[in-house]
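Engineer:
Protein chains: 4
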Amino acid sequence: MSTLKDPGLASLGHDKMNWVRRKMPVLNALRDRYVKEQPFKGQRIAISLHLEAKTAVLAELLHIGGASVSITSSNPLSTQDDVAAALATTGVEVHAFRGANDEEFDQFHQHVLDIEPTLLIDDGGELTERLHSSRKDLARNVLGGAEETTTGVTRLRALAGEHRLLYPMIAVNDADMKHLFDNQYGTGQSTWDGIMRTTNLLIAGTTVVVAGYGWCGRGVADRARGLGARVIVTEVNPVRANEALMDGHQVMTMDQAAPYGDFFVTVTGNRDVIRPEHFVKMKDGAVLANAGHFDVEVDVKGLRAMATEVIPGRNENVEGFVLPTKQTLWLLAQGRLVNLAAGDGHPVEIMDLTFGLQALSLEYLLNHPLEPGVYPVDPAVDRWVAEIRLKALGIEIDTLTPDQEQYMASW
Amino acid sequence: MSTLKDPGLASLGHDKMNWVRRKMPVLNALRDRYVKEQPFKGQRIAISLHLEAKTAVLAELLHIGGASVSITSSNPLSTQDDVAAALATTGVEVHAFRGANDEEFDQFHQHVLDIEPTLLIDDGGELTERLHSSRKDLARNVLGGAEETTTGVTRLRALAGEHRLLYPMIAVNDADMKHLFDNQYGTGQSTWDGIMRTTNLLIAGTTVVVAGYGWCGRGVADRARGLGARVIVTEVNPVRANEALMDGHQVMTMDQAAPYGDFFVTVTGNRDVIRPEHFVKMKDGAVLANAGHFDVEVDVKGLRAMATEVIPGRNENVEGFVLPTKQTLWLLAQGRLVNLAAGDGHPVEIMDLTFGLQALSLEYLLNHPLEPGVYPVDPAVDRWVAEIRLKALGIEIDTLTPDQEQYMASW
Amino acid sequence: MSTLKDPGLASLGHDKMNWVRRKMPVLNALRDRYVKEQPFKGQRIAISLHLEAKTAVLAELLHIGGASVSITSSNPLSTQDDVAAALATTGVEVHAFRGANDEEFDQFHQHVLDIEPTLLIDDGGELTERLHSSRKDLARNVLGGAEETTTGVTRLRALAGEHRLLYPMIAVNDADMKHLFDNQYGTGQSTWDGIMRTTNLLIAGTTVVVAGYGWCGRGVADRARGLGARVIVTEVNPVRANEALMDGHQVMTMDQAAPYGDFFVTVTGNRDVIRPEHFVKMKDGAVLANAGHFDVEVDVKGLRAMATEVIPGRNENVEGFVLPTKQTLWLLAQGRLVNLAAGDGHPVEIMDLTFGLQALSLEYLLNHPLEPGVYPVDPAVDRWVAEIRLKALGIEIDTLTPDQEQYMASW
Amino acid sequence: MSTLKDPGLASLGHDKMNWVRRKMPVLNALRDRYVKEQPFKGQRIAISLHLEAKTAVLAELLHIGGASVSITSSNPLSTQDDVAAALATTGVEVHAFRGANDEEFDQFHQHVLDIEPTLLIDDGGELTERLHSSRKDLARNVLGGAEETTTGVTRLRALAGEHRLLYPMIAVNDADMKHLFDNQYGTGQSTWDGIMRTTNLLIAGTTVVVAGYGWCGRGVADRARGLGARVIVTEVNPVRANEALMDGHQVMTMDQAAPYGDFFVTVTGNRDVIRPEHFVKMKDGAVLANAGHFDVEVDVKGLRAMATEVIPGRNENVEGFVLPTKQTLWLLAQGRLVNLAAGDGHPVEIMDLTFGLQALSLEYLLNHPLEPGVYPVDPAVDRWVAEIRLKALGIEIDTLTPDQEQYMASW
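Residue numbers (the UniProt record's numbering), protein chains in the order written: chain A, 1 to 411; chain B, 1 to 411; chain C, 1 to 411; chain D, 1 to 411.
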């Protein structure tokens with residue numbers, strides 16, 4: 001029933017799933033409860049997320065909780081075929097393989113929607129887009145869903161703003177236990193993991209230019225410094241520029257920074273942040289990487305157009321562009337998310353938090369019927385995830401004494 | 001007309017004012033405009049703030065902008081008499097001296113209100129309290145005011161919640177350019193400046209226990225690490241506890257942390273955060289300091305009550321308490337704000353941002369008549385302060401291209 | 001003439017060599033000179049080093065400088081077959097393939113010695129050992145050589161101490177531009193690169209136990225902190241223990257540290273640093289990695305013996321050992337150097353420094369005939385490498401004025 | 001018998017001595033033994049050191065150990081008169097007051113030598129200079145001494161080089177437990193303590209130029225970064241320049257750095273490191289401080305000569321120099337050691353290490369009669385101090401197992 005590259009890869013996939021399962025205390029705590037309570041009994045859940053081991057454990061968890069689950073990948077390059085094969089053996093329906101073309105990619109999503117979902121987990125709005133166009137008939141079954149990314153949430157808000165959103169969606173991305181951790185510490189580590197393994201270059205003593213000082217940018221900048229680099233931040237927001245400065249980084253325009261960078265990392269959420277006018281000012285050998293959602297932050301088209309020659313790098317994730325001005329710039333992972341396309345994505349423990357919020361948000365929708373609209377994660381859910389993580393780590397924190405509670409309330 | 005300790009100290013006070021004026025680009029930019037525009041012409045401004053050089057420059061600025069200004073100190077111990085004397089020579093009315101008793105402290109505030117203010121700058125609600133009780137008749141003149149502290153804002157919100165607030169107040173504390181900088185970087189530096197100059201003790205290699213991981217707590221913890229300490233954070237909020245952990249600190253309860261700390265710094269906004277049950281578990285020689293608003297975070301009364309002996313420290317800002325359990329604990333600045341009571345408060349450049357927000361918020365009130373209530377700082381004001389600071393530092397940032405603006409709006 | 005796995009892999013190997021060549025300014029500066037001067041004309045150079053792209057560029061350089069060069073790998077697992085194939089096309093003789101057995105490994109070294117070397121580059125003493133036993137007849141041709149590692153230098157000193165060393169050897173390992181950089185920044189980065197890519201685990205918020213606080217240990221500890229971990233150091237030297245403490249780390253015995261560590265990294269140069277008595281005290285899920293020279297720092301045999309079960313990890317570089325005490329410990333890369341066995345070794349720019357010292361030390365031997373013995377690198381060579389690197393980075397430094405020179409000499 | 005400013009200040013001085021005594025575990029451990037063993041019985045010890053509380057505790061200790069002790073200050077500005085008065089009540093002879101003129105300063109040293117010393121503790125060679133000129137007759141009594149500073153050691157080596165040194169001197173400065181700690185962590189913290197308390201300026205977000213990257217320079221640079229600054233290092237040594245770079249700092253010439261610095265700190269041991277040609281390129285408001293031994297690192301004479309006006313700063317430790325190029329530069333503490341002249345010198349715990357080495361080195365001289373010459377501290381002494389400090393902190397470290405000892409010796 002599943003669509004897979006090779007069911008024979010399941011054994012490798014199980015190894016990967018076993019590995020991550022051991023480092024996901026939040027999902028494990030939920031599993032213990034779901035086995036007994038079966039909260040999703042009778043529900044049909046459609047999922048579109050990057051399909052690798054951590055995601056597989058989430059899908060399996062919802063199935064264990066009583067749901068019928070059908071899943072595909074939100075990006076044709078992020079599917080790990082061995083994991084997909086392993087997941088398919090657990091009772092979850094899987095439609096995905098790495099390197100699907102556009103038509104196959106769409107077809108997978110259609111198959112997943114064939115389950116006639118009552119609940120959704122979406123990444124960038126792939127499922128919701130189809131439920132509001134070609135599969136509109138299915139929307140009436142949907143009790144609600146949860147969205148993973150900033151991009152998806154922004155899209156949902158636009159839809160809701162035009163009163164066209166057909167069911168309630170919870171903005172998991174905006175929860176404290178998501179963006180403070182996933183965006184900051186997750187992106188920070190996985191970006192540099194990806195860059196180091198791809199290039200074998202030294203970070204200490206180099207100059208790293210980070211475009212954007214939101215939560216992701218802070219994480220990338222902080223880890224760059226932790227690896228011994230000097231950091232230059234570019235921003236369009238003057239408050240954030242001041243923060244970057246106070247954190248000990250230099251702040252300048254991309255135009256000014258271009259000649260100094262050994263590494264450039266874009267994390268802005270915008271397009272064409274590094275453009276031909278900047279490329280020509282860069283040092284020979286500068287490395288360009290993107291850790292923002294889409295592959296438009298570095299103007300790859302512009303770079304390709306102006307290059308007099310394209311030369312191979314150390315491996316398939318590095319490409320050299322020789323400019324008319326003679327220097328060679330090295331683009332990583334074709335300007336796509338360097339941590340996913342040239343690495344393994346966020347660390348396991350980070351996704352445990354994010355996926356805990358996902359599962360609990362679906363449960364919340366079952367227990368709290370909502371009008372169509374975009375909703376924040378219930379603060380109690382955020383807090384519960386935070387508490388479970390502390391507990392798993394054996395960490396205790398203080399509680400307010402009655403006197404202290406009264407003092408705080410007495411103003 | 002002013003009430004001063006000694007007008008003869010003015011010369012020293014002018015030296016201090018000259019010094020800080022050179023490092024306040026935001027106030028300087030305002031001065032250039034105020035000289036010409038006289039925005040406060042005809043206004044009468046009452047101020048209650050810690051009266052030292054930075055505050056004096058703010059008061060002078062408003063006077064230069066056309067206002068009649070009368071000022072006192074929001075804390076009887078934070079007045080610097082030389083600065084008060086200098087300020088009184090500039091045309092500002094001053095009522096303050098260091099070490100005023102309770103009656104004098106109240107009388108100073110009454111004198112300041114005698115100006116029949118149209119605008120207020122308040123710290124902790126000292127002026128507003130009186131304008132809502134003994135001086136209620138004067139409230140009708142008040143166009144509005146601005147409040148400096150978290151504590152004051154919380155009080156104002158309570159008053160407004162009971163529909164008793166008689167004029168609009170702007171919560172300067174909540175502006176980005178205030179709490180992100182003043183609370184974090186200001187408190188972080190000045191707390192350790194105060195501790196080091198008071199104790200001459202080594203920070204590197206010690207264990208610092210920071211109670212509270214809000215913006216102030218982060219600043220204190222980050223600087224402690226920057227000075228070579230290992231940091232333990234205590235919290236009551238599990239999300240913040242997770243953040244502290246991810247930032248590389250240890251997290252535990254105060255009860256668990258008590259035996260490890262060489263220095264304890266409280267920044268919670270709550271009371272009795274360190275109590276007798278903790279004192280008895282501490283190491284001989286542990287140092288206790290508070291950097292939160294009030295002197296109740298360390299239970300000083302409890303400490304004093306249980307001590308078998310009180311011994312002198314290195315200077316008047318260190319006191320040793322010998323416990324029945326034999327160890328001696330050293331309390332700094334009697335548990336008051338260690339950065340103000342045993343130091344010079346926040347660095348100049350930080351107060352430039354905060355006071356820029358103050359002046360602009362008063363201007364805003366003149367141009368935008370508001371109903372009674374508590375209002376956020378206008379985002380344009382926040383942004384303007386951020387921009388002026390960057391400009392003063394010679395820092396340029398990027399601006400969105402039309403294509404980028406469209407891209408950001410296109411979801 | 002070369003012994004290779006597959007000459008057809010040369011193209012991939014050339015890509016790798018091209019990549020690293022661009023980031024090796026010291027070797028590039030030497031190449032420019034060697035092409036003209038041919039300093040090694042008539043020399044025959046035997047090399048035993050980890051055979052990957054950076055090493056290949058060194059071998060090629062010496063060949064370009066006029067020498068006949070024959071090379072093998074100092075470790076049967078560190079050969080990259082594509083690089084070996086590429087190097088063989090440049091005129092260098094290569095005898096190596098990945099996964100050679102003990103007999104093949106020895107045979108490769110014998111082949112390399114068949115060149116009847118006049119100069120040597122050795123790693124751990126593999127060539128020198130054979131030149132002092134089975135190939136003693138060839139030693140009389142040897143003008144001298146250079147040794148790469150601490151281990152090799154220690155062995156050479158023992159040999160020289162017994163007056164048995166037959167030619168002069170230069171201790172490249174001990175040069176400032178080697179151990180300060182290779183050992184500290186090289187090991188620091190490559191160890192964490194290896195651990196992150198192998199495990200996909202989060203470093204931030206974890207506790208890392210670093211055994212040993214020499215130059216390597218400092219690097220590993222500093223980068224761990226830079227990635228957000230709390231660090232515990234174990235040492236046998238009380239001075240170093242004090243340094244670790246002052247650097248903000250905790251210091252304790254391995255016995256005390258065992259229950260706290262999420263990651264353990266050994267960098268001591270000693271054996272059995274982590275033993276069964278420690279294993280049983282560790283947390284379930286703890287990760288064990290070694291970044292010291294040999295695979296004896298973690299007592300792998302002891303671990304294997306006590307395990308009730310061995311389970312697969314996420315990939316072939318992670319193995320799980322289930323203990324009678326129920327917890328599972330994860331061993332990376334079988335306890336071998338995690339940065340080489342599960343990564344790409346040191347960053348390119350680091351090896352540029354080390355290999356620059358190697359080439360220049362061989363040149364030095366040609367120009368300065370020496371008695372048998374162990375010699376430090378000429379300080380002028382150290383300084384020259386430092387200067388070339390600064391120049392390549394476009395960095396200028398100050399020079400003493402005549403007055404300053406006189407002042408420094410005047411005591 | 002003592003020469004004091006005011007014996008009535010003794011009470012304040014005792015408070016200070018009590019304070020530091022509690023944080024000096026090494027000296028306390030020695031005191032316990034000295035009380036019983038009286039190792040210095042019959043000895044006469046002359047001391048010239050900065051005379052403040054930490055030094056007083058050392059002098060008292062030697063007296064407790066059986067010696068007659070006479071002490072003066074090695075710098076006329078570093079005497080604390082209250083401490084001098086307190087010390088004089090303990091049986092130690094004191095000749096010092098703050099602000100002594102040149103003649104008085106010399107006279108104090110002559111008085112101290114009148115004790116006819118058998119042992120010396122010297123700082124910068126003040127006693128030795130006189131014992132080799134006007135008081136040559138007393139040299140024959142001297143069993144030996146210990147020297148505190150790099151400067152003094154260099155002088156002694158020059159004297160010994162000319163075969164003119166008349167007794168053995170131990171170079172305490174060169175011990176691991178001295179320069180790794182005192183120079184690095186001591187200077188690092190106390191320099192910024194001094195700068196912050198003197199200026200009340202913000203460090204975060206500024207650019208700090210550190211001249212010199214020896215142990216002192218590293219400490220100053222590292223703490224600057226820990227306080228949120230960006231650091232530029234200037235050096236004359238290319239190896240150190242590379243180290244500074246790898247540590248994440250920028251490296252350039254003073255000429256290039258001049259326009260960027262908000263703070264300049266000299267720690268080179270040389271003269272005229274910042275000169276008129278640099279002053280004219282600096283930003284308006286730049287702050288100049290010295291943390292090297294002598295007040296010649298900043299060319300204060302040159303600065304004074306070129307200034308068109310000298311203006312008062314915030315207090316007596318800040319002086320403004322208006323240049324013909326219009327900017328004002330602020331010089332701290334007249335270019336003298338900013339941590340001593342505008343602060344309290346090194347933290348207590350640091351001096352405990354240094355003074356422990358001093359006392360033990362004198363003991364060593366008693367038990368190991370030596371020829372005239374300059375000697376390193378006995379490694380066993382270094383190790384003992386390291387161990388005592390760990391023990392005082394309750395820290396245990398590992399010891400080698402017999403197998404490990406054998407393994408280390410087996411090459």
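Note that beta-carbon positions come from the ideal geometry of N, C-alpha and C, so glycine has one too.
Values in this document were obtained by computation on a predicted structure and should not be read as measured data.
Rounded C-beta distance between F40 of chain A and L62 of chain A? I'm assuming under 8 Å.
Structural biologist: Going by Cβ atoms, the distance from F40 of chain A to L62 of chain A rounds to 6 Å, so yes, they are a contact pair.
Engineer: Kindly identify the DSSP beta-bridge partner or partners of M169 of chain B.
Structural biologist: Answer is B:G145, B:V374, bridged to M169 of chain B.
Engineer: Considering Cα atoms alone, identify which of B:L159, B:S68, B:M351 is closest to residue 415 of chain B.
Structural biologist: Past the edges of chain B, shown from 1 to 411, lies residue 415 of chain B, and the structure says nothing about it.
Engineer: Taking M246 of chain A as the query, report the chain D residues whose CB atoms sit under 7 Å from its CB, ordered along the chain.
Structural biologist: Near M246 of chain A (Cβ distances below 7 Å), the residues of chain D are A204, G205, G228.
Engineer: Helix, strand or coil, according to DSSP, for E103 of chain A in the structure here?
Structural biologist: Helix.
Engineer: Name the one or two DSSP bridge partners that I64 of chain B has.
Structural biologist: Paired residues: none, contrary to the question.
Engineer: Please confirm whether R225 of chain D has its beta-carbon closer than 8 Å to some beta-carbon of chain A.
Structural biologist: Chain A contact via Cβ: present.
Engineer: Could you tell me the alpha carbon to alpha carbon distance between A175 of chain B and R223 of chain D, rounded to whole angstroms?
Structural biologist: C-alpha separation (whole angstroms): 30 Å.
Engineer: Indicate the three-state DSSP secondary structure (helix, strand or coil) for I274 of chain A in the structure shown.
Structural biologist: Here I274 of chain A sits in strand by DSSP.
Engineer: Beta carbons nearer than 7 Å to chain A: which residues of the stretch 342-373 of chain C have them?
Structural biologist: From the stretch 342-373 of chain C, only D344, P347, V348, E349, I350 have a Cβ closer than 7 Å to chain A.
Engineer: What in chain B is Cβ-close to Q250 of chain C, meaning under 8 Å?
Structural biologist: Residues of chain B passing the Cβ test: R230.
Engineer: At a CB-CB cut-off below 8 Å, which residues of chain A make contact with G285 of chain C?
Structural biologist: Per Cβ cutoff of 8 Å: R22, K23.
Engineer: Regarding T187 of chain C and the ligand SAH, is the C-beta to nearest heavy atom distance less than 7 Å?
Structural biologist: Of the ligands one can find in the structure shown there are none, so the ligand SAH has no counterpart to examine.
Engineer: Which ranges would you report for the alpha helix (DSSP H) in the stretch 225-258 of chain B if only whole runs of at least 4 residues count?
Structural biologist: Those alpha helix (DSSP H) runs which fall completely within the stretch 225-258 of chain B and span 4+ residues are 238-246, 254-257.
Engineer: If the cut-off is 7 Å on Cβ atoms, which residues from the stretch 169-202 of chain B count as contacting chain D, listed in chain order?
Structural biologist: For the stretch 169-202 of chain B, which is checked against every Cβ of chain D, the residues closer than 7 Å are Y185, Q189, D193, M196, R197, N200, L201, L202.
Engineer: Which same chain residues, not among the five before or five after R230 of chain A, have their C-beta less than 6 Å away from its C-beta?
Structural biologist: These residues qualify, in order along the chain: T207.
Engineer: Applying a beta-carbon distance threshold of less than 9 Å, which residues of chain D neighbour L143 of chain C?
Structural biologist: Simply none; closest approach about 25 Å.
Engineer: Looking at C-beta atoms only, is the number of pairs between the stretch 211-219 of chain D and the stretch 291-309 of chain D that lie closer than 8 Å three or more?
Structural biologist: Cβ pair count under 8 Å is three or more, so yes.
Engineer: If contact means a Cβ-Cβ distance below 7 Å, which residues of the stretch 305-321 of chain B contact chain D?
Structural biologist: Cβ contacts with chain D come from P312, G313, R314.
Engineer: Express the C-alpha separation of R22 of chain D and W411 of chain D in angstroms, rounding to a whole number.
Structural biologist: Note that W411 of chain D scores a pLDDT of 49, beneath 50, so its modelled location is shaky and nothing firm can be said.
Engineer: Mind checking whether V83 of chain D and A100 of chain D have CB atoms under 8 Å apart?
Structural biologist: For V83 of chain D and A100 of chain D, no; Cβs fall outside 8 Å.
Engineer: Please confirm whether I170 of chain D and Y34 of chain D have their CB atoms less than 8 Å apart.
Structural biologist: Not a contact, by the Cβ cut-off of 8 Å.
Engineer: Note the first and the last residue of the continuous beta strand (DSSP E) segment covering G320 of chain B.
Structural biologist: Element bounds for G320 of chain B: 318-322.
Engineer: By DSSP, does V296 of chain D sit in helix, in strand, or in coil?
Structural biologist: V296 of chain D: coil per DSSP, three-state reduction.
Engineer: Rounded to the nearest angstrom, how far is the Cβ of D122 of chain D from that of E148 of chain D, given a contact under 8 Å?
Structural biologist: Rounded, the Cβ-Cβ distance is 7 Å, consistent with contact.
Engineer: Alpha carbons only, please: which of C:V220, C:A307, C:V172, C:D398 is nearest the one belonging to Q204 of chain A?
Structural biologist: According to the sequence as given, residue 204 of chain A is Ala; it is not Gln. Of the listed residues, the one whose Cα sits closest to A204 of chain A is C:V220.
Engineer: Helix, strand or coil, according to DSSP, for D344 of chain B in the structure here?
Structural biologist: The answer is coil: DSSP assigns D344 of chain B none of H, G, I, E or B.
Engineer: Between W19 of chain C and chain A, is the shortest Cβ-Cβ distance under 8 Å, so that the two count as touching?
Structural biologist: Yes, its Cβ sits closer than 8 Å to a Cβ of chain A.
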